[in-house]
Amino acid sequence: GLVIVKFRGVDSISAAEELRGEFLWLPEEERPHLPEGRFYLDELIGLKVYGPNDCFLGTIAEVLQTGANDVYIVRGGKHGELLLPAIKSVVRQVDTENKIMRVELLPGLLDGEG
């Protein structure tokens, strides 16, 4: 969806264009509620990621927004940096309250696999 916002003191197109690409911060209690299974990026950054058999894979350090689907950059596990596609066949559970994500690894996602 598209959201149109008017800022006090930003009264021209050129003044508004200076804000292009900037992030808008809202207090958590003022954020629009997202549908189930959708998350704000800051809710995902820092989640501990576990694979099959509760194998710790690392922590989500960044989220790449690629257009087709997001990609989670996971760092800090024994496999080094992992790029996990944010698709249902990979992401099995997101628990923002406990800061945990459980994933199923597709063949080839780990180095030396596949």
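Positions 913 to 1026 (the working numbering) are the ones given, in order, by the sequence shown. C-beta atoms are modelled at their ideal positions from N, C-alpha and C, and glycine is treated no differently.
- Sequence-distant partners of E993 (beyond 5 residues in either direction) whose C-beta falls short of 6 angstroms from its own C-beta, in its chain, are R987.
- For V1002 and A927, the gap between their C-alpha atoms comes out near 42 angstroms.
- The DSSP-derived three-state label of P939 is coil.
- When Cβ pairs closer than 8 angstroms are counted between the two stretches, the segment 919-926 is seen not to touch the segment 947-965, the count staying below three.
- Counted as a single uninterrupted DSSP element, the beta strand (DSSP E) harbouring D1007 occupies residues V1003 to D1007.
- Cα atoms of E929 and N1010: separation of roughly 39 angstroms, rounded to the nearest angstrom.
- For E929, the three-state secondary structure derived from DSSP is helix.
- Only buried fits H991, as 16 or more other CB atoms lie within 10 angstroms of its CB.
- Y984 sits away from L1017, with the two beta carbons spaced by 9 angstroms or more.
- The residue from R932, G933 and T1008 with its alpha-carbon nearest to that of T971 is T1008.
- Apart from sequence neighbours up to five positions away, the residues of its chain that approach V917 with a beta-carbon distance below 8 angstroms are L936, ordered along the chain.
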